[in-house]
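Engineer:
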Amino acid sequence: MGKITLRRAKMGDVNQIRHLINNFAAEGTMLPVSLNMLYERLRNFLVVEENNKIIGCVALKIVWKDLGEIRSLAISKKHQGKGYGKILVKKALNEAKALDLKKIFTLTYVPEFFEKLGFEKIMKSKLPHKVWSDCINCPKFPRCDETALLKILKK
């Protein structure tokens, strides 16, 4: 194992992040991302790298005054099961707390992973309409088959 680093994403990471996410999207286990979306939202991303190669990523998107979203969590297949996903999500949750967000949700095909981190399944209809602004551009809209989960950070 080489040198592992957890850090904020940089411009030079965009192609690696896109490749990582879109490999999973091609299998139907994640939603695809465009270069445009990555450039617009690069500041939302954290990455894990090994020897200067991106092996994992996650994004924290602020949705509303008290609500954030964990999205685009991906760990290369070779590096899964080593705790990198957990590390990335915990770092994103710490950022959310520092921003005074009260709740974090995620839409996922792997709800068990998030449940281990204290997220609870909820009905998608419980999420505010503002959440669905991205969904209009989704290839699965309006037949979303992801599971919604929520974690309360502060009451």
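Per my numbering, the very first residue in the sequence shown carries number 2; after that it's consecutive. Backbone N, C-alpha and C fix where the C-beta goes; we use that ideal spot for every residue, glycine too.
DSSP on Ser73, reduced to helix/strand/coil?
Structural biologist: In the sequence shown, the residue the question calls residue 73 occupies position 72. In this structure, Ser73 counts as strand in the three-state DSSP scheme.
Engineer: Using a Cβ distance threshold of 8 Å, determine whether the segment 61-69 contacts the segment 14-30, with at least three qualifying pairs required.
Structural biologist: no
Engineer: With respect to the beta strand (DSSP E) encompassing Phe46, which residues constitute its N-terminal and C-terminal limits?
Structural biologist: For the purposes of this step, residue 46 is taken as the residue at position 45 of the sequence shown. Run containing Phe46: Phe46 to Glu51, per the beta strand (DSSP E) assignment.
Engineer: Exposed or buried, what is Lys152 when buried is set at 16 or more other beta-carbons lying within 10 Å of its beta-carbon?
Structural biologist: Looking up residue 152 in the sequence shown gives position 151. Answer is buried; the Cβ neighbour count reaches 16.
Engineer: Please list, in chain order, all residues of the same chain as Lys125 whose beta carbon is under 6 Å from its beta carbon, the five residues on each side excluded.
Structural biologist: Residue 125 sits at position 124 when you count from the first residue of the sequence shown. Correct list, in chain order: Ala149.
Engineer: Verify whether the separation of the beta carbon atoms of Ala97 and Gly69 is less than 9 Å.
Structural biologist: By 1-based counting over the sequence shown, the position of residue 97 is 96. By 1-based counting over the sequence shown, the position of residue 69 is 68. Contact: yes.
Engineer: Spatial neighbours of Ile45 within its chain, please: C-beta separation below 6 Å, excluding the five flanking residues on both sides.
Structural biologist: Taking the sequence shown and counting its residues from 1, the one referred to as residue 45 is at position 44. Position check: residue 45 holds Asn in this sequence, whereas Ile was assumed. Closer than 6 Å at Cβ, skipping near neighbours: Ala60, Leu61 and Lys62.
Engineer: Have a look at Ala26 and Leu7 and give me their C-alpha separation to the nearest angstrom.
Structural biologist: Walking along the sequence shown from the start, residue 26 turns up at place 25. Walking along the sequence shown from the start, residue 7 turns up at place 6. Using only the alpha carbons, I get a separation of about 23 Å.
Engineer: For Asn23 versus Val34, is the C-beta spacing smaller than 9 Å?
Structural biologist: Taking the first residue of the sequence shown as 1, we reach residue 23 at position 22. Taking the first residue of the sequence shown as 1, we reach residue 34 at position 33. Yes, Cβ-Cβ distance for Asn23 and Val34 is below 9 Å.
Engineer: To the nearest angstrom, how far is the alpha carbon of Ile18 from that of Cys58?
Structural biologist: Taking the sequence shown and counting its residues from 1, one reaches residue 18 at position 17. Taking the sequence shown and counting its residues from 1, one reaches residue 58 at position 57. Straight-line spacing of the CA atoms in Ile18 and Cys58 works out to 7 Å.
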